[in-house]
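Chemist: After the structure tokens below, expect a handful of questions from me.
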Amino acid sequence: MGFNLRGAILANVANSTENDVKATIDDAMQSGEEKMLPGLGVLFEVYWKQADEQSRQQVISSIAQGLQR
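All letters in the sequence shown, in the order written, are residues 1087 to 1155 by our numbering.
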């Protein structure tokens, strides 16, 4: 039997407010723990699925710029 990590993460953050989501992201970034990376990935996936093409392009550009530093 496999563990559905994506499903567990989504269940854990279901019904989160904007403040809850911000706190989750801030906590993950401040802790620097690698175990938080899958959660951030799932949050990014949620964003990506609902974003329009212009928003996606802005994120892609921001990430690419950040990687150049």
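Heads up, the beta-carbon is just placed ideally off N, CA and C, and yes, glycines get one too.
Tell me whether residue 1110 sits in a helix, a strand or coil according to DSSP, three-state version.
Modeler: Helix at residue 1110.
Chemist: Beta-carbon separation of residue 1109 and residue 1125 under 8 Å?
Modeler: No, Cβ-Cβ distance for residue 1109 and residue 1125 is not below 8 Å.
Chemist: So, using beta-carbon positions, are residue 1145 and residue 1096 closer together than 8 Å?
Modeler: For residue 1145 and residue 1096, no; Cβs fall outside 8 Å.
Chemist: CA-CA distance, residue 1153 and residue 1098?
Modeler: Using only the alpha carbons, I get a separation of about 30 Å.
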